[in-house]
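Chain order of the listed sequences is A and B. Counted from 1, the first sequence has number 109 at position 109 by our numbering; the numbering is strictly sequential. Counted from 1, the second sequence has number 305 at position 305 by our numbering; the numbering is strictly sequential. Ideal Cβ placement from N, Cα and C applies to all residues, glycine included.
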Amino acid sequence: MKLTRRTFIKFTGLGAASAALVQLGFDLSPAETYAAELKIRGAKEVISICPFCAVTCHFIAHVKNGKVINTEGDPGYPVSEGALCAKGAAMSAMINSDHRLLKPFYRAPYSDRWEEKSWNWMMDRLASRIKETRDKQFITEKNGQKVNRVDAMFHLGSSQMDNEECALVHQANRALGIVHFDHQARI
Amino acid sequence: MTNHWIDIKNTDCALIIGSNAAEHHPVCFKWVLKAKEERGAGIIHVDPKFSRTSARADFHVPLRSGTDIAFLGGMIKYITENKKYFDEYVRNYTNASFIVSEKFGFKDGLFSGYNAADKSYDKSSWTFETDANGVPKKDPELKHPRCVFELLKQHYSRYDLDKVSGITGVSKEDLLNVYETYAATGQRDKAGTVMYALGWTQHTVGVQNIRTSAIIQLLLGNIGVAGGGINALRGEPNVQGSTDHCVLYHILPGYLALPRANWPRLEDYHRANTPVSNDSMSANWWRHKPKYMVSLLKGWFGDNANKENGFGYDWLPKGDKGGDYSYLYLFDRMYKGKIKGGSIWATNPAQSVPNSNKVRKAMENLDWLSIAEIHHNETTDFWHRPGVDPKKIKTEMFLWPSCHRAEKEGSISNSGRWVLWHWKATEPQGQSKSMGQIMVEIMNKVRGLYQKDQGVFPEPIVNLDWPANYEAENITKKINGYFAQDTEVKGKLYKKGQQVPSFTVLKDDGSTVCLNWLYAGSFTEEDGNKAKRRDYSQTKLQEKIGIYPNFSWCWPVNRRILYNRASVDKNGQPWDPKRTVIQWENDKWSGDVPDGGWSPLASGKGRYPFIMQKEGHGQLFGPGRQEGPFPEHYEPIETPVKKHPFSKQLNNPCAKIIASDADQRAVPDDPRYPIVLTTYSLTEHWCGGGETRNVPWLLEAEPQLYVEMSQELAAEKNITSGDPVIVESARGRVEAIAIVTVRLRPFNVLGKTVHEIGMPFAFGWTTPGVGDATNRLCVSAGDPNTTIPEFKACCVNIRKAEKVTEINL
Numbered sequence: 001m002k003l004t005r006r007t008f009i010k011f012t013g014l015g016a017a018s019a020a021l022v023q024l025g026f027d028l029s030p031a032e033t034y035a036a037e038l039k040i041r042g043a044k045e046v047i048s049i050c051p052f053c054a055v056t057c058h059f060i061a062h063v064k065n066g067k068v069i070n071t072e073g074d075p076g077y078p079v080s081e082g083a084l085c086a087k088g089a090a091m092s093a094m095i096n097s098d099h100r101l102l103k104p105f106y107r108a109p110y111s112d113r114w115e116e117k118s119w120n121w122m123m124d125r126l127a128s129r130i131k132e133t134r135d136k137q138f139i140t141e142k143n144g145q146k147v148n149r150v151d152a153m154f155h156l157g158s159s160q161m162d163n164e165e166c167a168l169v170h171q172a173n174r175a176l177g178i179v180h181f182d183h184q185a186r187i
Numbered sequence: 001m002t003n004h005w006i007d008i009k010n011t012d013c014a015l016i017i018g019s020n021a022a023e024h025h026p027v028c029f030k031w032v033l034k035a036k037e038e039r040g041a042g043i044i045h046v047d048p049k050f051s052r053t054s055a056r057a058d059f060h061v062p063l064r065s066g067t068d069i070a071f072l073g074g075m076i077k078y079i080t081e082n083k084k085y086f087d088e089y090v091r092n093y094t095n096a097s098f099i100v101s102e103k104f105g106f107k108d109g110l111f112s113g114y115n116a117a118d119k120s121y122d123k124s125s126w127t128f129e130t131d132a133n134g135v136p137k138k139d140p141e142l143k144h145p146r147c148v149f150e151l152l153k154q155h156y157s158r159y160d161l162d163k164v165s166g167i168t169g170v171s172k173e174d175l176l177n178v179y180e181t182y183a184a185t186g187q188r189d190k191a192g193t194v195m196y197a198l199g200w201t202q203h204t205v206g207v208q209n210i211r212t213s214a215i216i217q218l219l220l221g222n223i224g225v226a227g228g229g230i231n232a233l234r235g236e237p238n239v240q241g242s243t244d245h246c247v248l249y250h251i252l253p254g255y256l257a258l259p260r261a262n263w264p265r266l267e268d269y270h271r272a273n274t275p276v277s278n279d280s281m282s283a284n285w286w287r288h289k290p291k292y293m294v295s296l297l298k299g300w301f302g303d304n305a306n307k308e309n310g311f312g313y314d315w316l317p318k319g320d321k322g323g324d325y326s327y328l329y330l331f332d333r334m335y336k337g338k339i340k341g342g343s344i345w346a347t348n349p350a351q352s353v354p355n356s357n358k359v360r361k362a363m364e365n366l367d368w369l370s371i372a373e374i375h376h377n378e379t380t381d382f383w384h385r386p387g388v389d390p391k392k393i394k395t396e397m398f399l400w401p402s403c404h405r406a407e408k409e410g411s412i413s414n415s416g417r418w419v420l421w422h423w424k425a426t427e428p429q430g431q432s433k434s435m436g437q438i439m440v441e442i443m444n445k446v447r448g449l450y451q452k453d454q455g456v457f458p459e460p461i462v463n464l465d466w467p468a469n470y471e472a473e474n475i476t477k478k479i480n481g482y483f484a485q486d487t488e489v490k491g492k493l494y495k496k497g498q499q500v501p502s503f504t505v506l507k508d509d510g511s512t513v514c515l516n517w518l519y520a521g522s523f524t525e526e527d528g529n530k531a532k533r534r535d536y537s538q539t540k541l542q543e544k545i546g547i548y549p550n551f552s553w554c555w556p557v558n559r560r561i562l563y564n565r566a567s568v569d570k571n572g573q574p575w576d577p578k579r580t581v582i583q584w585e586n587d588k589w590s591g592d593v594p595d596g597g598w599s600p601l602a603s604g605k606g607r608y609p610f611i612m613q614k615e616g617h618g619q620l621f622g623p624g625r626q627e628g629p630f631p632e633h634y635e636p637i638e639t640p641v642k643k644h645p646f647s648k649q650l651n652n653p654c655a656k657i658i659a660s661d662a663d664q665r666a667v668p669d670d671p672r673y674p675i676v677l678t679t680y681s682l683t684e685h686w687c688g689g690g691e692t693r694n695v696p697w698l699l700e701a702e703p704q705l706y707v708e709m710s711q712e713l714a715a716e717k718n719i720t721s722g723d724p725v726i727v728e729s730a731r732g733r734v735e736a737i738a739i740v741t742v743r744l745r746p747f748n749v750l751g752k753t754v755h756e757i758g759m760p761f762a763f764g765w766t767t768p769g770v771g772d773a774t775n776r777l778c779v780s781a782g783d784p785n786t787t788i789p790e791f792k793a794c795c796v797n798i799r800k801a802e803k804v805t806e807i808n809l
């Protein structure tokens, strides 16, 4: 059969690679032996999108036992056709990086270190600071005009957020009365 | 982008300017190369430095940072004088024929109406003569002395080859080469694309840089056609979406204006912001703004928003008229002690905002700071950076672990406006959560406090329509919008709560909810979540130019090429049938989604193609920008020259310049700082480098901060490749390793030699020994329309270093 890239993708799809290759007429026995040793054998394939430039190359995350064990370009995204640059190619390293923050941390005023505190304690403390600052610094009127805002608080970020997250962040900040509201699009 | 990534393959000539596309949008470059291989397209790269983009271009033209308007102004002159413009397109689809008011003027670098005291313009003279109905008068022959076309030619008559060459440092030969090559796309069956990025936006004349290219593209008939357009190569991984949702001080989602103090009621807001056109042939699409604003407010306040309370308009913060609440002003106010607390999410301003010394110091004045991040960086840890004593810094810090993109699902929008879904691969690691979940929790805690204890002006907070938990797809649906009551649309009944099919059904009476009108149609009853679509089917017409109409969905209404009614003549037939975008046949349009489904202009029932402009025509004369209706060359705020040949106005008369004791600036042609510095990103590192410096092999590929300079400059300063050097501006000093290269050449500017150097900005102190923020050098001055800082040009000096402490040698 004529093998176009589209045909290949249609048959191999997600996770059905070996069955499809047999259909396409390949003899899999040597490949099968090799594949038995591939770390991605039996992994679930999930499509995500590189978090760097706005070409937004898609990548396939191979997941086993709840962990991403491999990432590679997704040929199904017509813009990238499976390609990734050096950053996108390093995706699994970033997902599993030792540098990742996996707990909330708190720094007390004038302290020289980060401390571990419970999520709930920190949430309560932050909320009380937000309310305290907003109540104290709220400006109802300026030069005889209603402004209903708090200049002394701000929000920055982020072009890393999903559309859904941006929508909520915008709604919340205007409700708080914040006008110092900005992110990377202006940088 | 007006077009999209794959469309680049359809071009006859790619003008890559203010961008290093091969290095910073690497995967897109295949489409540029495809155009070259399959259509013989020309590739022109205009950029101060020779890079991997230049290596693949037909020719590279180095120009001095900040002189793009001079460069392109010369091209406008060339196009008009040599009649390279697409005549039928210019006459019918642009405002070339519009007659400008006799009050309008331009003299010696300033337009009529300038107020030097507050550095702004009264724009009332930048207007058209109108008939009794308020519709602009036109001269279709383009001969009236005050028609836009005449004024355009007059304005750019000064941009001759001598002057342009003298100020840009580009040889006359190179100028003509670019002008001739690019202007050839003015033929009706040729298309040229302009690809730009932050090399253009990061200037005090940034918006006017882009305006100049828009004028050129309109003259050449390159807007609305396949292989054409103005194509911004957007940077960040959902900056298009975050821009559409307007996480920006001055706009509300869907590009609606921030309410200002001088519009006390919703009616005042509507009146001030809704354009009116009495020309029945002009769609004037923004006249629908009230519907989008009210639907947004209903989305924010739910049933608490009603007609009686202006849908909650009173609860919204009102900016001062003309007030600027952007980064530069925020950090200046923070530096001066006026900001008490705030939150920073997945961004690293301690690296990426100009004058980093000032920014880092400013943060010490905060009482509290909440940060959501995936790892430590120069912002999260500013309070114990080298040289400061944490015991003197009061800022209470809350650091939230943000999960990785692969650990959540949601949609993002690429540079071509395609809305794309990403699925959840695993649960978030450790205690990390999505930023959406963190925001939802914070707001719920705050709401709880206000519900319990009232406090000051609790209404907007307690009346918010806010979820208990973050479920992405619930918000995706709300972004598309739904009916707040049973509604019939063209004979079909939609029940309350059902998704709206498109923004054409949104209303200003509170009966519809929509968090962003542009995204209406992306998640419908009929087709579900279209961002998830992976269907490759296309008609033959669509496949020819690679539209992929069934892969994901793009805004608006899945129209892949904007302003595509300009790609056809008044009978609806394409200028170039070999690259048809839309075509009228058998009483309907085929191809892409037409930019307005009306029949062609010749039917008498059509509309002008530029439907988002009040008068429906492409704006050669553009009265909406802060510093003028025609782009004009002005020098960067820090410049190596005392004057330029175009006028006596050295700099942008409306530029936003921050003043503080930490914001010292070089004077023009400053003997202390004679060298021009440009800054840029890298392929292996992302922007400020916070995330990528943590990947060992990416750091190995690009291990430390360097500065690229010409062999001539190196000889002058007795520097060889590998030497540690100090680069210094009026604001700070930075250590770097010298790279002496042919990629940068000295410029001959107005008879003297001007050197330009370049530095990446990816290196920060949290990765030991690699160098620290390049932005300690950059200037706190911004474009008057966007307040985007001028990262791409400032003045510095350079010398060999005896000893360095920031970089391990």
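Query, Result
"Minimum length 3: unbroken beta strand (DSSP E) runs contained in the segment 341 to 395 of chain B", "341 to 345 and 368 to 373"
"Within-8 Å CB hit, Arg41 (chain A) to chain B", "no"
"Any chain A beta carbon closer than 8 Å to Ser343 (chain B)", "yes"
"Trp200 (chain B) - containing alpha helix (DSSP H), residue span", "Leu198 to Thr201"
"Residue ranges of each beta strand (DSSP E) within the segment 29 to 76 of chain A, 3 or longer", "44 to 49, 58 to 64 and 67 to 73"
"Of the listed residues B:Gly782, B:Val770, B:Pro768 and B:Val754, nearest to Asn797 (chain B) (C-alpha basis)", "B:Val754"
"Length of the line joining the Cα atoms of Arg98 (chain A) and Ser65 (chain B)", "In the sequence as presented, Arg is not what sits at residue 98 (chain A); that position holds Asp. Computed Cα separation, rounded: 40 Å."
"Contacting residues, own chain, Cβ-Cβ under 6 Å from Tyr634 (chain B) (five flanking each side not counted)", "Val205, Asn651 and Asn652"
"For Gln160 (chain A), the nearest candidate out of A:Ser80, A:His183, A:Arg41 and A:Tyr77 (CA to CA)", "A:His183"
"Chain B contacts made by the segment 100 to 113 of chain A, where a contact means CB separation under 9 Å", "Arg100, Leu101, Leu102, Lys103, Pro104, Phe105, Tyr106, Arg107, Ala108, Pro109, Tyr110, Ser111, Asp112 and Arg113"
"Buried or exposed (CB count within 10 angstroms, at least 16 for buried), Met1 (chain A)", "Its pLDDT being 49, under 50, Met1 (chain A) is placed unreliably by the model, and the measurement read from it follows with that caveat. When all chains shown are included, Met1 (chain A) counts as exposed."
"Cut-off 8 Å between Cβ atoms - residues of its own chain near Asn173 (chain A), not counting five sequence neighbours on either side", "His155 and Phe181"
"Members of the segment 145 to 157 of chain A near chain B, C-beta cut-off 9 Å", "Gln145, Lys146, Val147, Asn148, Arg149, Val150, Asp151, Ala152, Met153, Phe154, His155, Leu156 and Gly157"
"Cross-chain neighbours of Pro229 (chain A) in chain B, by beta carbon under 7 Å", "For chain A, the structure presents residues 1 to 187; residue 229 (chain A) sits outside this window and is missing."
"Beta-carbon proximity of Val707 (chain B) to Ile757 (chain B), cut-off 8 Å", "yes"
"Inter-stretch contact (C-beta, 8 Å, three-pair minimum) for the segment 324 to 335 of chain B and the segment 350 to 359 of chain B", "yes"
"Collapsed DSSP secondary structure at Thr720 (chain B) in the structure displayed", "coil"
"Three-pair Cβ contact test at 8 Å for the segment 49 to 58 of chain A versus the segment 642 to 651 of chain B", "no"
"Through-space distance from Phe610 (chain B) to Arg146 (chain B), alpha-carbon basis", "22 Å"
"CB contact flag (Gly521 (chain B), Ser552 (chain B), <8 Å)", "no"
"Residues that Phe311 (chain B) bridges to, as DSSP identifies them", "Bridge partners of Phe311 (chain B): none, in fact."
"CB-CB length for Asp68 (chain B) against Asn209 (chain B), believed under 8 Å", "5 Å"
"The segment 467 to 480 of chain B: positions lying closer than 7 Å to chain A by Cβ", "Ala472, Ile475, Thr476 and Ile479"
"Residue range of the beta strand (DSSP E) that includes Thr53 (chain B)", "No beta strand (DSSP E) holds Thr53 (chain B); the alpha helix (DSSP H) holding it covers Arg52 to Ala55."
"Val742 (chain B) versus Thr212 (chain B): straight-line alpha-carbon distance, rounded", "30 Å"
"Distance, Met759 (chain B) Cα to Thr679 (chain B) Cα", "5 Å"
"Proximity below 8 Å, CB of Gly166 (chain B) to CB of Leu750 (chain B)", "yes"
"Residues of its chain near Asp189 (chain B), where Cβ-Cβ distance is below 6 Å and the 5 sequence neighbours each way are ignored", "Asp576"
"Chain-ordered chain A contacts of Phe311 (chain B) [CB-CB under 9 Å]", "Going along chain A, no residue has its Cβ under 9 Å from Phe311 (chain B), so there is no contact; the nearest lies around 13 Å."
"Cutoff 7 Å; reference Asn148 (chain A); Cβ partners in own chain excluding five residues on either side", "Thr140 and Gly177"
"Short CB-CB distance (under 8 Å) between Met435 (chain B) and chain A", "yes"
"DSSP three-state assignment for Glu141 (chain A), whether helix, strand or coil", "strand"
"Gln538 (chain B): contacting residues in chain A (beta-carbon distance under 9 Å)", "Within 9 Å Cβ-Cβ: nothing; Gln538 (chain B) doesn't reach chain A, min ~10 Å."
"For Gly299 (chain B), the first and last residue of its enclosing alpha helix (DSSP H)", "Lys289 to Phe301"
"Euclidean distance between Cα positions of Pro467 (chain B) and Trp517 (chain B)", "21 Å"
"For Leu420 (chain B), the first and last residue of its enclosing beta strand (DSSP E)", "Trp418 to His422"
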